[in-house]
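Peer 1: Right, I'll just put the structure down here and ask away after.
Numbering (this note's numbering), first residue to last: 12 to 286.
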């Protein structure tokens, strides 16, 4: 269970620090923990679908939700954790002729990442950036936004953890509390894979080092299941529409079979060439 894993992690750290013993090498203990954790599925942050993202970006009024929109754009386009959004500084965001180039420096895995924001999302982000006060002492990119105006105060990390919940509440989604500070990162991974991204692209996008960790961020979305179903169905239907006619070879003529795909044959006459 979750509490067992938590207690084990605490004990392992304390024993290692105080006695210089690594209990993770104790095979019987590891076997016991494995048996205790069988069937346990940890809770993960819920994700937003592509349709839900588009609805919020297009329909939520900027007067109230501009900051949430920009945080969502940065979070999903960059697969950002909440502390990465909080720690983002103005110097990490460069405007290059209609493209925002964002460098994520402070990451959990110590792997710096870069992502871009273009098109409509650039225009929305630029609108928020232009509202930043001319004299603003904080170096952080995200500052408070209230009634269509930005203040000089940067936004606290706990507020970033509540962004997903606020967006889910606006969209009237069930269980808004499950849209935690990790929902943007999981949403980003799922949307990328649903769009056809492979594991290498996913790992580079999120800064993950192992396949298993990267795959753990992918939600088994309905859209992904539909795509798999359609792929199998199309393969079956296509194979049933193919007709192969093999003409026996002779000593005087050797040639490949004839393949007819996606066609209807009413009459087929084959003549042998006379000597």
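We put the CB at the ideal spot given by N, CA and C, even for glycine.
Would the stretch 117-125 and the stretch 135-151 be scored as touching if the rule is three or more Cβ pairs under 8 Å?
Peer 2: Taking 8 Å as the limit for Cβ pairs, the verdict is that the stretch 135-151 does not touch the stretch 117-125.
Peer 1: If the criterion is Cβ atoms closer than 8 Å, does the pair residue 152 and residue 99 meet it?
Peer 2: In contact: residue 152 and residue 99 (Cβ atoms closer than 8 Å).
Peer 1: Alpha carbon to alpha carbon, how far is residue 79 from residue 219?
Peer 2: Approximately 26 Å between the Cα atoms of the pair.
Peer 1: Short of 8 Å in beta carbon distance, which residues of its chain neighbour residue 150, apart from the five on each side in sequence? Order them along the chain.
Peer 2: For residue 150, where only same-chain residues beyond five positions count, the Cβ hits under 8 Å are 100, 101, 102.
Peer 1: Is it true that the CB of residue 193 sits closer than 8 Å to the CB of residue 90?
Peer 2: Not a contact, by the Cβ cut-off of 8 Å.
Peer 1: Are at least three pairs of beta-carbons, each pair with one atom in the stretch 23-31 and one in the stretch 160-173, less than 8 Å apart?
Peer 2: Short answer: they don't touch.
Peer 1: Please check the pair residue 198 and residue 59, which I expect to be a contact at CB under 8 Å, by giving their CB distance rounded to whole angstroms.
Peer 2: With a Cβ gap of about 5 Å, residue 198 and residue 59 count as contacting.
Peer 1: By DSSP's criteria, residue 245 is part of a beta bridge. Which residues make up the other side?
Peer 2: The partner list for residue 245 (beta bridge, DSSP) is empty, contrary to what the question assumes.
Peer 1: Given a cut-off of 8 Å on the beta-carbon distance, is the pair residue 125 and residue 114 in contact?
Peer 2: Cβ distance < 8 Å, so residue 125 and residue 114 count as in contact.
Peer 1: By how many angstroms is the C-alpha of residue 82 removed from the C-alpha of residue 133?
Peer 2: If you take the alpha carbons of residue 133 and residue 82, they lie about 12 Å apart.
Peer 1: Grab me the residues of residue 44's own chain with a C-beta within less than 8 Å of its C-beta, minus the 5 sequence neighbours each way, in chain order.
Peer 2: So the list reads 15, 16, 19, once near-sequence residues are dropped.
Peer 1: On a CA-only basis, which of 186, 184, 237, 224 is nearest residue 206? Give me that one, please.
Peer 2: Among 186, 184, 237, 224, the Cα nearest to that of residue 206 is on 237.
Peer 1: Could you tell me the boundaries of the beta strand (DSSP E) in which residue 161 lies?
Peer 2: Here the beta strand (DSSP E) through residue 161 covers 160-165.
Peer 1: Could you give the uninterrupted runs of the alpha helix (DSSP H) lying entirely in the stretch 75-140, keeping only those of 4 residues or more?
Peer 2: Fully enclosed alpha helix (DSSP H) runs of 4 or longer: 93-98.
Peer 1: Is residue 159 near the ligand MG - that is, is its Cβ less than 7 Å away from at least one heavy atom of it?
Peer 2: What this structure holds is no ligand at all, so the ligand MG is not there to describe.
Peer 1: Taking C-beta to C-beta, are residue 56 and residue 190 nearer than 8 Å?
Peer 2: Against a cut-off of 8 Å, the Cβ pair of residue 190 and residue 56 comes out as a contact.
Peer 1: Quickly, what does DSSP pair residue 157 with across the bridge? List them, please.
Peer 2: Paired residues: 160.
Peer 1: Ends of the alpha helix (DSSP H) at residue 181?
Peer 2: Looking at the DSSP string, the run of the alpha helix (DSSP H) that includes residue 181 is 174-181.
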